[in-house]
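Worksheet: one structure, shown below.
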Amino acid sequence: QQQVKQSPQSLIVQKGGISIINCAYENTAFDYFPWYQQFPGKGPALLIAIRPDVSEKKEGRFTISFNKSAKQFSLHIMDSQPGDSATYFCAASINNFNKFYFGSGTKLNVKP
Amino acid sequence: NAGVMQNPRHLVRRRGQEARLRCSPMKGHSHVYWYRQLPEEGLKFMVYLQKENIIDESGMPKERFSAEFPKEGPSILRIQQVVRGDSAAYFCASSPQGYDTQYFGPGTRLTVL
Chain A
181 QQQVKQSPQS LIVQKGGISI INCAYENTAF DYFPWYQQFP GKGPALLIAI RPDVSEKKEG
241 RFTISFNKSA KQFSLHIMDS QPGDSATYFC AASINNFNKF YFGSGTKLNV KP
Chain B
17 NAGVMQNPRH LVRRRGQEAR LRCSPMKGHS HVYWYRQLPE EGLKFMVYLQ KENIIDESGM
77 PKERFSAEFP KEGPSILRIQ QVVRGDSAAY FCASSPQGYD TQYFGPGTRL TVL
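Going down the list, the protein sequences come from chains A and B. Note that this note's numbering has the first sequence beginning at 181, numbered continuously upward. Note that this note's numbering has the second sequence beginning at 17, numbered continuously upward.
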């Protein structure tokens with residue numbers, strides 16, 4: 181049973197466009213939701229994270245939108261650049277246990 | 017401050033051999049996590065350790081896999097009698113307090129021939 185479901189599996193966006201990746205979860209005990217960026221051959225790097233007490237968090241061109249009632253959260257990348265081309269993973273954890281459940285990943289390709 | 021270090025970066029083993037993967041957490045971090053990533057898939061939690069203690073091993077296969085994080089030295093993930101299905105990227109992450117952000121290493125890519 182997959183705890184966190186991520187879509188789409190792959191995404192192609194033109195340079196300057198908005199990339200949107202969605203995740204959904206079932207376990208209402210989750211209270212920490214990070215997004216990781218992974219380049220080929222590298223480890224995941226933390227991009228941005230949110231806790232359920234806020235509905236949105238923005239850092240530069242990256243924004244997380246969080247809908248607690250729908251149990252969904254999404255990553256928006258504004259003004260997408262070719263350098264953003266990577267695989268993005270959402271994750272969720274329960275604070276005290278700190279075991280991350282990862283989505284299956286979205287491969288983003290930003291066309292120049 | 018150096019990041020999480022893992023070695024080797026690539027490891028090739030024949031079926032039946034043992035694989036030892038090492039992880040040195042970031043300076044000041046005493047919590048270590050191991051994840052496995054199969055090709056084109058997300059990361060799957062394996063085990064969570066603190067110094068000299070296994071906190072959660074619910075993601076570890078029941079046989080052939082073991083992990084340790086001794087008082088001195090790196091954390092070790094050990095796979096005995098490897099099989100082809102063990103071929104994957106194994107990532108280690110560390111955190112300072114155990115309830116916050118995890119920082120990932122570059123991974124060890126294990127290939128079983």
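All C-beta atoms, glycine included, are put in the ideal place defined by N, C-alpha and C.
Using 8 angstroms for Cβ pairs, my map puts residue i next to residue j. What's the rounded Cβ distance?
| i | j | result |
| --- | --- | --- |
| B/Q97 | B/R80 | 6 angstroms |
| B/F20 | B/C108 | The sequence given here places Val at residue 20 of chain B; Phe does not occur at that position. With 8 angstroms as the limit, B/V20 and B/C108 qualify as a contact, their Cβ atoms being about 6 angstroms apart. |
| A/Y212 | A/A229 | 7 angstroms |
| A/F280 | B/Q118 | 6 angstroms |
| A/Q217 | A/Y268 | 6 angstroms |
Which same chain residues end up closer than 7 angstroms to residue i when comparing Cβ atoms and leaving out the 5 residues on each side of it in sequence?
| i | result |
| --- | --- |
| A/S187 | N202 |
| A/K248 | P232 |
Which value, in whole angstroms, describes the spacing of the CA atoms of residue i and residue j?
| i | j | result |
| --- | --- | --- |
| A/F210 | A/F242 | 22 angstroms |
| B/P86 | B/E68 | 5 angstroms |
| A/K238 | B/D72 | 33 angstroms |
| B/T127 | B/L37 | 12 angstroms |
| B/Q113 | B/M42 | 12 angstroms |
| B/G75 | B/S82 | 11 angstroms |
| B/L93 | A/L255 | 33 angstroms |
Which residues bound the beta strand (DSSP E) around residue i?
| i | result |
| --- | --- |
| B/Q22 | M21 to N23 |
| B/T127 | T124 to V128 |
| B/V63 | L59 to Q66 |
| A/L227 | A225 to I230 |
Going by DSSP in three states, residue i sits in which element: helix, strand or coil?
| i | result |
| --- | --- |
| A/D259 | coil |
| B/D102 | helix |
| A/D264 | helix |
I'd like the list of long-range same chain contacts for residue i, defined as Cβ closer than 8 angstroms, with 5 residues on each side in sequence excluded.
| i | result |
| --- | --- |
| A/P224 | Y216, Q217, Q218 and F269 |
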